[in-house]
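Heads up: the sequence shown is residues 356 to 488, going by my numbering.
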Amino acid sequence: MATQRMTKVKTNKILRILQEKRNKIMKRINSLEEKAKTLKDKDYGNHLADSDSEELGRMNGTRLLRLQKQLRDFEEAIERVRTGEYGICVICEEPISKDRLQIKPEARLCVKCKKATESHLRKRTPYTTQVRA
Ligand SMILES: [Zn+2]
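Here you go:
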């Protein structure tokens, strides 16, 4: 495979895609935070225990956390474009396939390493003490 030196044009295009996606995520975070706020305000004026809104609040909290993680991924990816490390797997330092980057432009790992970390995570059973080697 030829050395994958990204041209300036390509880099700009990737930056644009990443920034657009990041902005979308930011908007979603903002609207979720707005919703959470209005939900809270409503609760104060409402003496009935509203388990629905509580449940909604929890759901929003989980979504918010996920979005914030995504936001970090995108910001990291944007940073990597700037430093010229974009598209390189952070574990094995092999180039990440274009197909993968098209689906997941913020990817930090190549398919191989991603799979390896996932199967590693699956093997680790939560709530059990791991035997130290
Ligand atoms: Zn890798």
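Just so you know, even glycine gets a beta-carbon here, dropped at the ideal spot from N, CA and C.
The count of Cβ pairs closer than 8 Å, one atom from the segment 434-447 and one from the segment 417-426, stays below three, leaving the stretches out of contact. For E431, the enclosing alpha helix (DSSP H) stretches over residues S406 to T438.
Sorted by chain position, residues whose beta-carbon lies closer than 6 Å to a non-hydrogen atom of ligand 1 are C444, I446, C447, E449, L464, C465, K467 and C468. For the segment 445-470, the full-length alpha helix (DSSP H) segments reaching 4 residues or more read 453-458 along the chain. Pairing S452 with T366, the inter-Cα distance amounts to about 15 Å. S386 has its alpha-carbon roughly 11 Å from the corresponding atom of T393. For V466, the CB contacts under 7 Å within the same chain, skipping 5 residues up- and downstream, are S452 and R455 in chain order.
Taking 8 Å as the upper bound for CB-CB distance, V436 and I380 are not in contact here, some 17 Å apart.
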